[in-house]
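Going by the UniProt record's numbering, the letters in the sequence shown line up with residues 1 to 218, in that order.
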Amino acid sequence: MVKLTMIARVTDGLPLAEGLDDGRDQKDADFYKQQAKLLFKNLSKGQHEASRMSIETGSYFFHYIIEGRVCYLTMCDRSYPKKLAFQYLEDLKNEFERVNGSQIETAARPYAFIKFDTFIQKTKKLYLDTRTQRNLAKLNDELYEVHQIMTRNVQEVLGVGEKLDQVSEMSIRLTSDTRIYADKAKDLNRQALIRKYAPVAIVVGIVLMLFWVKNKIW
């Protein structure tokens, strides 16, 4: 199962978009987000430049692909098929490049593409059940192989100078960033609902007012 999705610019490690979680196990979620951001930091220094990699971390695996100076990363259960994880990332990459490709280099603030969360959530649902006919077909697709993708341990990748205790030291500051991001996403969803239903509410209000005026006259 896909647990976490993040997209960042490789040149400086700037987070561009994130798949919001459901709020459960928030402490663990924050811990792994910090790990992901440390990975982005390492990538921005030109370390571990493999364009595709799987990284073992506790009970999960990070999987990432790098293309067009952007890193697309997801964290999945250990039992989740590696092949599906990378095809999920390919789907995100294709859409992200199509929608935001011309703005990636000029993005100046974290999570500049917050609205991409909508597509992340929609795509994530398609990959939840590995037994669907769609996903079984992807698993059996011989044209897409992942056997050659390197697998490493997160401590090895982060290196001696980036021990996991640094993750805890970053928690307070980065947790605040996560809350700000979540609040912005909620505001966007609220605005979308208002735009969707406001015209209907206005029409209903006008009809009721006309009905009331008619009763008053008669």
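All C-beta atoms, glycine included, are put in the ideal place defined by N, C-alpha and C.
Beta-carbon contacts of residue i that lie in its chain and below 8 Å, excluding the five residues immediately before and after
i: residue 117; result: 17, 18, 19, 20, 185
i: residue 107; result: 9, 14, 16, 113
i: residue 134; result: 126
Chain-order list of residues whose beta-carbon lies under 6 Å from that of residue i (same chain, five-residue window excluded)
i: residue 101; result: none
i: residue 164; result: Summary for residue 164: the model assigns pLDDT 48, below 50, so the residue's position carries little reliability; its value from the coordinates is reported in the next sentence. None.
i: residue 12; result: 44
i: residue 50; result: 150
One or two residues paired with residue i in a DSSP bridge
i: residue 18; result: 6
i: residue 73; result: 6, 64
Boundaries of the alpha helix (DSSP H) in which residue i is found, first to last residue
i: residue 88; result: 82 to 100
Close Cβ partners of residue i (< 7 Å) along its chain, the five nearest in sequence each way excluded
i: residue 128; result: 1
i: residue 121; result: 19
i: residue 81; result: 130, 139
i: residue 212; result: none
Limits of the unbroken beta strand (DSSP E) element including residue i
i: residue 52; result: 52 to 57
Does the contact criterion of 3 or more C-beta pairs under 8 Å hold for the segment 132 to 141 versus the segment 66 to 73? no
Sequence ranges, alpha helix (DSSP H) only - wholly within the segment 113 to 154, length at least 4: 117 to 126, 133 to 139
Quick one: any contact between the segment 190 to 200 and the segment 88 to 96, if contact means 3 or more CB pairs under 8 Å? no
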